[in-house]
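The next block holds one structure in the form of structure tokens; read it before the comments.
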Amino acid sequence: MADRALTLAAAGLAGAVLLLLLAPLGALGLTFQGVALSAPELAALRFTLLQATLSAGLSVVLAVPVARALARRRFFGRSALIATLGAPFILPVIVAVLGLLAVFGRAGWVNDALGHVGLSPFSIYGLQGVVLAHVFFNMPLAVRMILHGWQAIPAERFRLAASLGFAPCANLRHIEAPMLREVLPGAALVIFVICLTSFAVALTLGGGPRATTVELAIYQALRFDFDLPTAARLALLQFALCAAAFVVAAKVSLPSGFGAGQGRAGGPSAPKGWHKMVDILAIALAAMFLALPLLAVALNGLPGMAGLPVSVWAAAGRSLTIALASTAISLAAALVLALAAARGKGWPALAATLPLAASSLVLGTGLFLILQPYFRPASLALPVTMTINAALSLPFAFRILAPEARTLYADYHRLGASLGMGGWAWLRWVVLPRLARVLGFSAGLVAALSMGDLGVIALFAGEGEATLPLLVQRLMGAYRMEAAASAALLLVLLSFALFWIFDHWGRRYADT
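Residue numbers (our numbering): 371 to 882.
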């Protein structure tokens with residue numbers, strides 16, 4: 371009976387996810403008028419593909435020496451540094467952009483240093499700024515993925531290489547290069563998909579018509595021109611790009627390794643001399659690149675924290691409301707679908723993964739077309755944003771919960787059935803305690819991502835519905851950089867506080 375109820379609940383959720391994706395696409399299709407793209411739209415398409423390709427390529431290329439250095443060096447704080455590499459993923463995009471402006475902007479630290487030595491200033495606006503911001507976000511992700519590849523190489527391979535007297539270059543050629551050939555395409559494609567749907571970076575760092583992405587063009591067509599056919603055409607183009615990249619990325623898997631080892635700890639040798647200096651330099655430069663923008667936000671924002679206006683706190687309250695509601699919806703849906711998938715069914719995993727093929731602006735544009743004739747869009751800004759955030763966070767939460775749910779089902783399902791445990795008893799006494807750790811981590815991740823989202827809210831919100839990321843962006847647009855820095859610091863603190871509270875709750879509940 372409990373299995374049947376779970377299957378029905380999962381089927382209902384899968385249907386809801388499918389409807390949320392298909393209804394906006396259907397609305398876009400009804401408004402669609404012709405396939406021919408204008409010159410500005412073709413320029414936006416070219417720029418989108420160019421910046422995504424450059425961002426993915428540079429992120430992966432720069433990540434290789436950092437990952438190799440971390441794989442073969444042991445030092446105090448290494449574990450903390452590796453854990454910190456996940457921070458940019460949950461860092462609100464608008465905050466990182468503000469930090470990058472403080473470091474690389476016209477009056478930033480880098481241009482001040484260049485001016486002192488008589489060199490020309492660096493402009494962060496345009497293609498170079500968009501790529502720089504994407505590398506900031508995605509290079510740490512690439513490091514983690516490539517580092518997993520190094521750690522998957524059995525230690526016996528390195529011991530055998532050492533016994534044969536392999537030099538570091540021979541290790542790289544015969545052991546590490548084959549792993550990189552399998553890891554790098556998958557990592558690059560994942561980052562390429564992420565960069566395709568980037569909106570906040572292009573909105574703040576794009577340099578006019580020549581640096582406009584498809585997502586930014588959708589926003590401009592709706593907010594400034596109210597050109598519904600153009601917005602629909604661009605949204606369908608964006609969906610096609612994301613779907614194609616998603617299909618290609620799904621077919622490129624990470625390596626299975628070099629065969630089974632004995633599971634012993636090990637890694638590549640740690641050569642001394644100039645090899646050690648290169649490793650130290652790679653780790654130090656990566657740490658500085660990640661830390662300096664955050665330090666700049668803290669230094670610029672801390673003095674004005676006490677004098678933040680009421681509008682900032684009201685926007686923070688709206689962001690918290692959206693984040694908590696999105697977390698509850700996304701986590702409940704991910705748990706039900708993960709438990710259903712653990713019973714050997716394939717369709718729950720497909721339903722949970724489908725939102726990866728869409729973007730917030732594509733869904734937002736479709737919903738705007740559906741709701742605009744009947745409602746004032748600003749009145750639905752918060753519930754629409756909450757729903758789309760929950761849907762777009764579902765794949766991440768599901769991927770975290772699914773492996774643990776499969777293990778739980780294999781270990782305890784028969785025992786629970788023999789004891790006659792019903793659905794609520796099974797959930798309370800088995801599922802929640804056993805999955806508490808990953809539930810807490812998933813909730814923290816979803817809450818932080820939703821807290822910092824600047825996507826669909828930009829389409830719907832008026833002056834009275836702005837969330838904290840949108841308010842920071844508006845303050846930056848009005849050149850109120852000190853107020854923007856203080857509001858951004860508040861956003862960082864709230865985002866990381868949410869992540870820590872949920873993650874800590876999950877680990878504490880699992881240990882009791």
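Beta carbons: idealized from backbone N, C-alpha and C, even for Gly.
Cβ-based burial, residue i [other Cβ within 10 Å; buried from 16]
i: Leu392; result: exposed
i: Met756; result: buried
i: Ser449; result: exposed
i: Leu607; result: buried
i: Ala610; result: exposed
i: Ser568; result: buried
i: Glu585; result: buried
i: Gly633; result: The predicted model places Gly633 with a pLDDT of 42, which falls under 50 and marks its position as unreliable; any figure quoted below should be read in that light. Per the 10 Å Cβ criterion, exposed.
i: Met647; result: exposed
i: Leu412; result: exposed
i: Phe596; result: exposed
i: Gly629; result: Confidence in Gly629 is poor, its pLDDT being 46 and thus under 50, which makes the residue's placement too unreliable to answer from.
i: Ser626; result: Residue placement at Ser626 is flagged as unreliable, the pLDDT there being 43, under the threshold of 50; the coordinate-derived value follows with that caveat. Exposed: under 16 other Cβ atoms inside 10 Å.
i: Ala910; result: Because residue 910 is not part of the residues shown, which for the chain are 371 to 882, the question remains open.
i: Thr735; result: buried
i: Gly671; result: buried
i: Ala635; result: Confidence at Ala635 is low in this model, with a pLDDT of 46, below 50, so the placement of that residue should be treated as unreliable; the coordinate-derived value is given next. When all chains shown are included, Ala635 counts as exposed.
Under 8 Å between C-beta atoms of residue i and residue j
i: Ala722; j: Phe768; result: yes
i: Leu428; j: Phe474; result: no
i: Leu890; j: Pro718; result: Outside the shown range of the chain, which is 371 to 882, sits residue 890, and nothing can be said about it.
i: Thr583; j: Val467; result: no
i: Leu517; j: Ala437; result: yes
i: Ser865; j: Ala818; result: yes
i: Ala397; j: Leu739; result: yes
i: Val826; j: Ile758; result: yes
i: Val816; j: Phe766; result: yes
i: Ala441; j: Gln521; result: yes
i: Val682; j: Leu841; result: yes
i: Gly469; j: Ala666; result: yes
Residue i versus the options, residue with shortest Cα-Cα distance
i: Ala698; options: His518, Leu764, Leu750; result: Leu764
i: Asn508; options: Ala572, Thr582, Trp520, Ala433; result: Ala433
i: Ala426; options: Phe562, Ala855, Val617, Leu752; result: Phe562
i: Ala654; options: Ala711, Ile464, Phe445; result: Phe445
i: Leu802; options: Ala727, Leu709, Ala397; result: Leu709
i: Leu395; options: Ala602, Ala570, Leu860; result: Ala602
i: Leu778; options: Gly734, Arg713, Leu840, Phe738; result: Arg713
i: Pro839; options: Tyr589, Ser493, Ile464, Ala386; result: Ile464
i: Ile523; options: Met549, Leu566, Phe506, Leu859; result: Met549
i: Ala380; options: Phe745, Ala703, Met647, Ala668; result: Ala703
i: Val505; options: Ala483, Arg476, Ala557; result: Ala557
i: Leu731; options: His486, Ile588, Val617; result: Ile588
i: Ser490; options: Leu868, Arg476, Gln498, Leu497; result: Arg476
i: Ala409; options: Ser700, Gly576, Thr600, Leu701; result: Thr600
i: Val513; options: Ala652, Ala728, Ala854, Trp870; result: Ala652
i: Gly496; options: Phe417, Phe459, Gly447, Pro462; result: Phe417
i: Gly331; options: Ala605, Leu859, Ala727, Leu420; result: The requested residue 331 is not part of the displayed model; the chain covers only 371 to 882.
i: His645; options: Asp873, Leu400, Gly382, Ala439; result: Ala439
Any non-hydrogen atom of the ligand SAH closer than 7 Å to residue i Cβ
i: Ile494; result: With respect to small molecules bound, the structure shown includes none, and the ligand SAH cannot be examined in it.
If you pair each beta-carbon of the stretch 442–461 with each one of the stretch 653–666, do three or more pairs fall below 8 Å?
Flag = yes, the stretch 442–461 and the stretch 653–666 touch.
State whether the stretch 677–696 contacts the stretch 722–739, with contact taken as three or more CB pairs (one from each stretch) at a distance under 8 Å.
Touching, no, given that fewer than three Cβ pairs across the two stretches are closer than 8 Å.
Would you check if there are 3 or more beta carbon pairs closer than 8 Å linking the stretch 552–561 to the stretch 799–814?
Proximity of the stretch 552–561 to the stretch 799–814 falls short of the contact definition, fewer than three beta-carbon pairs being nearer than 8 Å.
Does the stretch 745–755 come into contact with the stretch 827–838, if we say contact requires no fewer than three beta-carbon pairs (one atom in each stretch) closer than 8 Å?
yes
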